[in-house]
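K.L.:
Protein chains: 2
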Amino acid sequence: MPARASTSRPASPPLTARQEERRRRILHASARLAGRGGFDAVQMREVAESSQVALGTLYRYFPSKVHLLVATMQDQLERMHGTLRRRPPGGEAPAERVAQTLMRAFRALQREPQLADAMVRALTFADRSVSPEVDQVSRQTTAIILDAMGLEHPTDEQLSVVRVIEHTWHSALITWLSGRASIAQVRIDIETACRLIDLTDPAASGR
Amino acid sequence: MPARASTSRPASPPLTARQEERRRRILHASARLAGRGGFDAVQMREVAESSQVALGTLYRYFPSKVHLLVATMQDQLERMHGTLRRRPPGGEAPAERVAQTLMRAFRALQREPQLADAMVRALTFADRSVSPEVDQVSRQTTAIILDAMGLEHPTDEQLSVVRVIEHTWHSALITWLSGRASIAQVRIDIETACRLIDLTDPAASGR
DNA sequence: ATCAAGTCTGAAACTTGTTCTAGATTAGCG
DNA sequence: CGCTAATCTAGAACAAGTTTCAGACTTGAT
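Sequences listed follow chains A and B, in order.
Under full-length UniProt numbering, the letters of the first sequence match residues 1 to 207, in that order.
Under full-length UniProt numbering, the letters of the second sequence match residues 1 to 207, in that order.
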């Protein structure tokens, strides 16, 4: 099983150029198909054909559809973290900056709701066999939030707050994607969760 | 909560006794199979056979596996709400009571982790076609939390807090079920989310 | 009791994720 | 270059969710 080389992971065997190529083609096809049609539209046979790779090879690179979609999410998250870093949030208080950052991410997802659907559904449907990859996504999200808070060395308490915000983010996203909550409600819930930040740091606004 | 037909089904055509029977047999088989093996062990053919119903009939009652498992969750939630009501939480402050209630529910799920896995995975995997049923589960959960808070007429702000707690509850449950968080962490996160309650009602403990 | 409409059954068919196989290709190495 | 192990390909095969269909059974109204 190959592993990614780019931003993380101890890559078991390093990939040759052609393999890196294949991997990229696969992820690209996955994102493209997810973009139309969402989760269901990402059919393994089609991904294989579309990325010019045999079905068996696809499964060698990504041992299941969920693995594939979670990897797709990692990919997109990295891209997004880069973008967010380039234009940091402008708010005064940490809570404000975090909410702003998440809403910005949310707006990005709105532009590709089907892709978002595929990735998030895969993420929450993932079972234990995908734990390492899901964990990686979770760490990346945590990093984004900590970045927005401007924290380098969070306390345990702060980490728990970040986790609650993350839980809220994921779950609110799902309710929006399945049409059970409006965008306005998602914003309110995120802002509500972010108020926990002030609790851990009453002398907030400064940094 | 006011009267309302116990199970709160919209019941388009009322079911005959035999049909009610079948429905019950199906839900029972579903819960039994989920109890061993979790989500994957609930195989439609087996549910049908085990509840002595033809496959086509099973699909008439529950149009998909996810519908079936979400209905199973509704069923279990009702049971649990009843239990919780009989032994209300003993804490002073609302935040404390809510956290206590959720941890009690959590312990109940711990006793049947596979069943919990099946239900929660179905819930978060559900697409738009299951929205009404998922919404019903969500309302039931909200009712449980509001009960624990001792609130009858929550403000919008309080409803948002309840939603954040719900988001945290679901998402934390998933991370625990997929082995990415310990029980201790789930407790901490729930308690953290519950601190939001105090924010909306600084003069807390009284009614 | 009888008839029409609706429901249930059993079995086969279809779809899509996943696995398996045999042979072709490629990569690393002496 | 020539060998060996690993990788890749095409395609069949398998598994489980879902759909379909013809015929038997219930139900409700007359």
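Note that beta-carbon positions come from the ideal geometry of N, C-alpha and C, so glycine has one too.
1. Taking CB distances under 8 Å as the criterion, tell me whether A:Val66 reaches chain B.
2. Using a Cβ-Cβ cut-off of 8 Å, state whether B:Pro94 counts as contacting chain A.
3. What in chain A is Cβ-close to B:Val164, meaning under 7 Å?
4. Helix, strand or coil for B:Asp75 per DSSP?
5. Is the shortest distance between the beta-carbon of residue 217 of chain A and the beta-carbons of chain B less than 8 Å?
6. Counting only beta-carbon atoms, is B:Asp75 nearer than 8 Å to chain A?
7. To the nearest whole angstrom, what separates the beta carbons of B:Glu157 and B:Thr141, a pair I think is in contact under 8 Å?
8. Please list the partners that A:Ala126 has in chain B, where partner means a Cβ-to-Cβ separation under 8 Å.
9. Given that a residue counts as buried once 16 or more other Cβ atoms are within 10 Å of its Cβ, and exposed if not, what is B:Glu191?
10. Would you mind sorting A:Arg23 into buried or exposed? The rule is 16 or more other CB atoms within 10 Å of its CB.
11. What did DSSP end up calling B:Leu123 once you bin it into helix, strand or coil?
12. Is A:Phe39 helix, strand or coil by DSSP?
13. In angstroms with no decimal places, state the Cα-to-Cα distance between B:Leu115 and A:Ala122.
14. Is the CB of A:Val134 under 8 Å away from at least one CB in chain B?
15. So, helix, strand or coil for B:Arg111, using DSSP?
16. Can you round the beta-carbon distance between A:Ser149 and A:Val98 to whole angstroms, since I take them to be within the 8 Å contact cut?
17. Can you give me the C-alpha to C-alpha distance between B:Ser77 and B:Val137, rounded to a whole angstrom?
18. Determine the DSSP secondary structure at A:Phe62, reduced to helix, strand or coil.
19. Can you list the residues of chain B that A:Ser171 reaches, using a CB-CB cut of under 7 Å?
20. So, with DSSP's three-state summary, where would you put B:Gly91?
P.N.:
A quick look at the data gives this:
1. Counted from its first residue, the first sequence places residue 66 of chain A at position 66. Output row for A:Val66: interface = no.
2. Position 94 of the second sequence holds residue 94 of chain B. Chain A contact via Cβ: absent.
3. Sequence index remark: in the second sequence, residue 164 of chain B carries index 164 (1-based). Within chain A, the residues near B:Val164 are Thr168, Asp189, Thr192, Ala193.
4. Looking up residue 75 of chain B in the second sequence gives position 75. It is helical.
5. For residue 217 of chain A there is no data in the structure shown, the boundaries of chain A being 1 and 207.
6. Locating residue 75 of chain B in the second sequence gives position 75, where the first residue counts as 1. Using beta-carbon distances, B:Asp75 does not count as an interface residue toward chain A, since no partner is under 8 Å.
7. Taking the second sequence and counting its residues from 1, the one referred to as residue 157 of chain B is at position 157. Taking the second sequence and counting its residues from 1, the one referred to as residue 141 of chain B is at position 141. Not confirmed; about 19 Å, so no contact.
8. Position 126 of the first sequence, counting from 1, holds the residue named residue 126 of chain A. Chain-order list of chain B residues neighbouring A:Ala126: Ser178, by C-beta distance under 8 Å.
9. In the second sequence, residue 191 of chain B corresponds to position 191, counting from 1. Buried, because 16 or more other Cβ atoms sit within 10 Å of the Cβ of B:Glu191.
10. Taking the first sequence and counting its residues from 1, one reaches residue 23 of chain A at position 23. A:Arg23 comes out buried.
11. For this step, residue 123 of chain B is matched to residue 123 along the second sequence. Note: B:Leu123 maps to helix in three-state DSSP.
12. Counted from its first residue, the first sequence places residue 39 of chain A at position 39. Of the three classes helix, strand and coil, the one that applies to A:Phe39 here is helix, per DSSP.
13. Locating residue 115 of chain B in the second sequence gives position 115, counting from the first residue. Locating residue 122 of chain A in the first sequence gives position 122, counting from the first residue. C-alpha of B:Leu115 to C-alpha of A:Ala122: approximately 20 Å in a straight line.
14. One-based indexing of the first sequence puts residue 134 of chain A at position 134. Closer than 8 Å to the CB of A:Val134 there is at least one CB belonging to chain B.
15. Numbered from 1 along the second sequence, position 111 holds the residue referred to as residue 111 of chain B. Of the three classes helix, strand and coil, the one that applies to B:Arg111 here is helix, per DSSP.
16. Against the first sequence, residue 149 of chain A aligns to sequence position 149. Against the first sequence, residue 98 of chain A aligns to sequence position 98. With the sequence shown as reference, residue 149 of chain A is identified as Met, and Ser is not the correct amino acid for it. Rounded, the Cβ-Cβ distance is 6 Å, consistent with contact.
17. Indexing the second sequence from 1 puts residue 77 of chain B at position 77. Indexing the second sequence from 1 puts residue 137 of chain B at position 137. At residue 77 of chain B the sequence reads Leu, which differs from the Ser that was named. Distance from the CA of B:Leu77 to the CA of B:Val137, rounded to the nearest whole angstrom, comes to 8 Å.
18. Walking along the first sequence from the start, residue 62 of chain A turns up at place 62. In this structure, DSSP gives A:Phe62 a state outside helix and strand, which the three-state scheme calls coil.
19. For this step, residue 171 of chain A is matched to residue 171 along the first sequence. Neighbours of A:Ser171 on chain B, chain order: His167, His170, Ser171.
20. For the purposes of this step, residue 91 of chain B is taken as residue 91 along the second sequence, with counting starting at 1. Coil at B:Gly91, not helix or strand.
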